[in-house]
Structure formats: C-alpha cells, structure tokens
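Worksheet: one structure, shown below.
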Amino acid sequence: MKTKDIRLFMAGTASILFLTGCNDWLDPKPLSFYTPENTYNTYSGLKTGTDMLNRDVRYFDYYPTSFSADPCILSEYFFSDMAVNGRTDTGNAPVDLTNDITPSASLTGNNSQINNYWTYLYKGIKDANTLLTRSETAEFESEEQRKEIEGLACFHRAFRYYRLVHQYGDVPFIVNEVAEPRYDFYTTKREAILRRLKSDLETTAPYLSNDVNIGQVTQAAAYHLLAKIDLALGEFDSAIDACNKVIGDGVHELMRNRFGVDASDATKNVIWDLHRPDNKHLPENKEVLYLVLDDYDQTDARSATGLEIMRQVLPMYSATTSGMKTPNGKVAFVDNNETKNPYLKEYGRGICTLRQTWYATHMIWENDPDVDTDMRHAKGNWMKMEYLTYNNPALETEDPEYFNQPLQKYDNNGNLLMNDTIRAWCEWPHYKVFVEDQKANNWRGGWADWYIFRLAETYLLRAEAYIWKGEQGLAANDINEVRGRAGARLISSNEATISMILDERARELFYEEPRKCELTRIAYIYAQTGQADDKGRTYSMDNFSEENFFYNRIMDVTDFYNKGVKNNYGLEYTMQPYHVLWPIAEEAIASNVQGHINQNYGYDGYENNVTPLDGPNE
Numbered sequence: 001m002k003t004k005d006i007r008l009f010m011a012g013t014a015s016i017l018f019l020t021g022c023n024d025w026l027d028p029k030p031l032s033f034y035t036p037e038n039t040y041n042t043y044s045g046l047k048t049g050t051d052m053l054n055r056d057v058r059y060f061d062y063y064p065t066s067f068s069a070d071p072c073i074l075s076e077y078f079f080s081d082m083a084v085n086g087r088t089d090t091g092n093a094p095v096d097l098t099n100d101i102t103p104s105a106s107l108t109g110n111n112s113q114i115n116n117y118w119t120y121l122y123k124g125i126k127d128a129n130t131l132l133t134r135s136e137t138a139e140f141e142s143e144e145q146r147k148e149i150e151g152l153a154c155f156h157r158a159f160r161y162y163r164l165v166h167q168y169g170d171v172p173f174i175v176n177e178v179a180e181p182r183y184d185f186y187t188t189k190r191e192a193i194l195r196r197l198k199s200d201l202e203t204t205a206p207y208l209s210n211d212v213n214i215g216q217v218t219q220a221a222a223y224h225l226l227a228k229i230d231l232a233l234g235e236f237d238s239a240i241d242a243c244n245k246v247i248g249d250g251v252h253e254l255m256r257n258r259f260g261v262d263a264s265d266a267t268k269n270v271i272w273d274l275h276r277p278d279n280k281h282l283p284e285n286k287e288v289l290y291l292v293l294d295d296y297d298q299t300d301a302r303s304a305t306g307l308e309i310m311r312q313v314l315p316m317y318s319a320t321t322s323g324m325k326t327p328n329g330k331v332a333f334v335d336n337n338e339t340k341n342p343y344l345k346e347y348g349r350g351i352c353t354l355r356q357t358w359y360a361t362h363m364i365w366e367n368d369p370d371v372d373t374d375m376r377h378a379k380g381n382w383m384k385m386e387y388l389t390y391n392n393p394a395l396e397t398e399d400p401e402y403f404n405q406p407l408q409k410y411d412n413n414g415n416l417l418m419n420d421t422i423r424a425w426c427e428w429p430h431y432k433v434f435v436e437d438q439k440a441n442n443w444r445g446g447w448a449d450w451y452i453f454r455l456a457e458t459y460l461l462r463a464e465a466y467i468w469k470g471e472q473g474l475a476a477n478d479i480n481e482v483r484g485r486a487g488a489r490l491i492s493s494n495e496a497t498i499s500m501i502l503d504e505r506a507r508e509l510f511y512e513e514p515r516k517c518e519l520t521r522i523a524y525i526y527a528q529t530g531q532a533d534d535k536g537r538t539y540s541m542d543n544f545s546e547e548n549f550f551y552n553r554i555m556d557v558t559d560f561y562n563k564g565v566k567n568n569y570g571l572e573y574t575m576q577p578y579h580v581l582w583p584i585a586e587e588a589i590a591s592n593v594q595g596h597i598n599q600n601y602g603y604d605g606y607e608n609n610v611t612p613l614d615g616p617n618e
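The sequence shown begins at 1 in the UniProt record's numbering and counts up by one.
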C-alpha cells in the first residue's frame, strides 16, 4: 500500500473508534453502529483500530485540535529547561506555575494542556485495551496476524503509559477493556506499571516488523520505547540491549548524505534535508523509526489545522503590538502582507507562545557562532534576530539610514527598540520549524508529517545508559555519532555526562522529545540510584517531590523561573520542586466515587492518599 493509500485508509476509518469526553475519561461512547462487537472481530477491523491509534498520536502532542489552539507539546516545554510560555497579553497564560497549576484549575486549551493529556492518553489506552481483549476471540487467517495486532496494541498502550507515569507518577493502571462506565479505579505504583510495560514489549516487539508502510509502528520503534522504559527502571544493561536491536537491525541508519527535495541546493545541508516535510516519509529516509502522517492534499486524512509550529515558536517580530522600531523610532515591519514583508513567507509569522530560554538558544551552543561547525546552529538553519533587516518599504524614504540594515535590540543610548522582548526578540531553529503553509496569507506552519522516534535519539538513549553504568568512553562514541553527523566538535570521554546528554537532546530533538517527561525520568533515576548529579547533589525517593534533579536542573540553567522575571502583564515566572509531577484534575478524582485516585505531593488532596496498588485495576 502506497503512502497516499495508507493516509486515505486511516481517514476512512475515523468513525469506527469511540471517543471519550473530557469528564468521563474512560466512559465508552459509541458514535455509530461500528461497535467493537461488529468491527473488532477480524484482522482488518482490528488493524483499522491500530491505524486510528496512530492517528490519535498526532493530537495529543504536536497538532492543534482547532485553529489557533495550543498543541499539547507546549506544556511539556513550559515545564522544562528549554522554554516558557511567551504569551504576555493575557492573565491566564501558564506563567506563575505555583499559583496557576492546581487540581481545580482549568488546565485545558491555551491555559495549559495538562488535563487534556490525561484525557487523550487514557482514551488511547482504552482503545488499545479494547483491541487486545477483542483479539482474543477475533478471526485471523494466521497466528502472525494475531501477534501483529497484539504487538501494535501493546506498543500503543506502553507508549501512552510511559508518558503518564512521567507526567503524573502513580496513576490508575488499566489493562482490560472498559465496556461500561466505571468509577472504581485505584492508583498503581509507577514502577509496577513500568515493569508490566517492559514485559509486554519484550514479549510482543518480536511480533512486529520493520518492513511496514510509512506511518506504521516499526519493530525498531517498539525496541526504542523499551529502551526508555528500561532506563526508567534503572535497568541499564537491558536498555543497551534494546538500543542495540535498533542500531544494529541492518535497516536503520543516521542520514549523513544529502537527500530529498532540496538535495541539489548547495546552500543547504543534510540537517535541512532531514527535517523537510516532504522528506520525512521518503523510503530513503532510514533514520525514521516512527512518524505520524499529515498531508494537506489528502483532505480526509489531514489534521484539523496543520502544525501551526511557526506560529508557536517564532518571535512576534512583525506585529505592531511588539512595537518593533528603528533607532529613529520608525515602524520596522509591515504585518500580514508578504509582498511588503517577505519574511512572513520566508520564515513565518509567530506569536512566540513557546518562548525558548537562554539555555536553549545560547548556552548549548558552545562555540563562537562565526566558527561554529554545527549545522544545527549554522546560519541558514538557525535564525537570529540580527539576521533580519528593517524591511518596511516606507523606511526607504522615512528612515533610509536603517532601511535594510540589521535589527537592533537597543539604540545607541541603551533604550529598548520594542515593547516586549519576551515575545519579540529570540532565536529559533529555522530548519526544524519551517513548514510552508499551504493556505495563502497565513504563515503559521501547515500540514506535514512529524517524527515521533528516530535513530538519533536511540544513540543518545544508549549513551545515557552507558553513563549511568560509568562507561563514559562508550557514551562519548554514541554522542559523537550524532554530533559528527551535524558537523559539531567531537567530545572526549570525560565530557560524557548526563548534562551533556540533556544538552545534546536539546540540540537534536527540539519539538520532538517530550522534554518534561525526559527530565522527570532522569530525576527518578537519580533518586532511585542515589548517584550524584554533575554538581555533586544526591537525591532520594523519600522526598522526591520536595528535592529533585528536575527542579534543580531548571533552576541551574533557566533565565525565567529562577530570576524573578515578570512579563508585560505583570505575571512572575515561578516554579516549584513538586512540579516534577503534574496535578491530577480534581474532577477526575471526585468522579471516581467507588475507588480512590491519589493526588501528587504539593497539591490539594494529597493528604487523602492511600497506599497504591502493586498491579493493575481488574
């Protein structure tokens, strides 16, 4: 089946899956006659269900569900060292996390996506459990078909639970079909959940194949996820073994040579090629382990609005509200007109919801920009405000001194030349976020496939496992595979630290990795092992939410949460150690009247916690 056919097939099956509402997070609500009883009884019906699980991956992370909505992935970055919420024109932006992030708060939509993650992830778990249950009695032409369905369903369940236990910690663990409303769930220990996920993937990953249609789950993706789970459990040898199965599978490799749509453009490089939307699904792209499909030309298969990634990441340079002026006080840009401001089409029009930190835009790039060989930070791939020039056509006569001259942040007297530096002045990875908008005069970032897992991260996962084991030389070799492909300086073994891993992940996996989850996972490892971090600090599970690596890391490198910074609305950026785990919505706990869902430390309701289960809810 060709890529186009797969997209149409996935789209045509959308109506057969039943959805859950925000309030009843595991309440099945059939929307048509396509029920599990008459659909999930054959291989083709069950396979349709797994295709829709792939489709749903789009929406709980990278793609807005409606025009101008914030995608969920932004919340992963707001609770990290890499970014803060840059919306300075509203009082409900998640900025003052201490006061904004509570169990009773409205943590949906543009106020945060914390509660939406809970709903979306449990919906997928419910659907995966239904597939597993129904596969036991369905008709198959071969045992291989049954095993394939089991492998795909186990992957999707594990994929979602991996996120939940690093967003919320201990959560209800459900492994059977929920066929009617239930209100009797209990919290299960995070470690018990991870151990079951590990067992499931070890059993079912061999059932999957790497020879699959674009957009489908590969065997390599399953082993990649298993490596993450092994790391979370502190089982580093097992993590290395899982990574070896991906790196050495003879199918996947880092893309080191030019390929795809711009391969003949000598001004570009392989990093640019790797992230072109049209190149991600090409058969010659051997780096991709798992991606989600989104094609503007396939009306029934595309996402609601596209990625809108340029809107989220780019500075709000063009809008008049930014107040961007020349040193002589003249308006710098024309907004919403790509003829008078070609930057709109060339780079996009941002509102800087995801405002990157100094750590992300400067600290991780060690060398002088003029001699830096890292292609991820090279001019053309990486954008700085100074690369833009004052291009308002009116300036040619009104302010010819500065027309077509580089932007300035301050005038010669040290006065700011804009109203809001949080939104209007920051750098960004052009190669990563540039997605041409298929709609005219929008410049938000259009429809495009997106990486979920790729081989570069597998190398970094294996490197991390080596570091935990004290094998820095082997870790440096793996880190250098990624850095060498990017043309960056190769590191020595004594530079191979967890901080270096996090820095390299920041350089390589921006807007791909769920940054908060990975920081929380590493915080758990430090607390579980008692190993000292790079600054000599040690941690314990006994007071995990009071003293942890997650919080210390962010305080070490950020320039917002640790500096008393206030935005133009007067809100101060704040964060607490207990934000290592998100609150579980008060409504989810209160509606579970026949059971007990625990609240996380630091949030109202924690005092009512009971001992969590050691296994799944039955």
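Where a beta carbon is used, it is the ideal one built from N, C-alpha and C, also for glycine. Just so we're clear, the structure is a prediction, and the values are computed from it rather than from any experiment.
query	result
Pick from L455, T520, P64 and P406 that is closest to F544, judged by C-alpha positions	T520
Residue burial classification, V261 (beta-carbon count within 10 angstroms, cutoff 16)	exposed
Beta bridge counterpart(s) of K245 as assigned by DSSP	K245 pairs with nothing; no bridge assigned.
Assigned secondary structure, Q312 (DSSP; H/G/I helix, E/B strand, else coil)	helix
Host beta strand (DSSP E) of A83 (start-end)	A83 to N85
Per-residue DSSP class, three states only, for W118	helix
N-terminal and C-terminal residue of the alpha helix (DSSP H) that Y573 is part of	Premise fails: Y573 is in no alpha helix (DSSP H) and is neither H nor E.
Between the CA atoms of F67 and D437 - distance to the nearest angstrom	13 angstroms
Stretch-stretch touch, CB-based, cutoff 8 angstroms, three pairs: the stretch 408–418 with the stretch 294–308	no
Contact under 7 angstroms by Cβ, A532 with S540	no
Length of the line joining the Cα atoms of E481 and N244	14 angstroms
Sequence-distant residues of the same chain with beta carbon closer than 6 angstroms to Y223, five excluded per side	A205, A242, K245 and V246
Length of the line joining the Cα atoms of C517 and G595	27 angstroms
Burial state of D294 (16 or more Cβ within 10 Å)	buried
Pair within 7 angstroms by beta-carbon distance, A486 and M375	yes
Top-ranked residue by Cα proximity to N598, from H579, G151 and T188	T188
Exposure of P393, with buried meaning 16 or more beta-carbon neighbours within 10 Å	exposed
Collapsed DSSP secondary structure at I240 in the structure displayed	helix
Cross-strand partners of R454 (DSSP beta bridge)	V288
Helix, strand or coil at I467 according to DSSP, with G and I counted as helix	helix
Counterpart residues of Y410 in DSSP-defined beta bridges	L416
Start-to-end residues for the beta strand (DSSP E) that takes in L354	L354 to Q356
Nearest-angstrom Cα separation, counted from H166 out to P172	13 angstroms
Y161 versus A488 - alpha carbon distance	35 angstroms
The alpha helix (DSSP H) enclosing residue 622, as first and last residue numbers	Shown here, the chain extends from 1 to 618; a query on residue 622 therefore has no answer.
N391 burial status per 10 Å Cβ neighbour count (16 or more: buried)	buried
Neighbourhood of A456 by C-beta, 6 angstroms cutoff - its chain only, sequence neighbours within 5 removed	V482 and E508
Alpha-carbon spacing of N548 relative to I525, whole angstroms	10 angstroms
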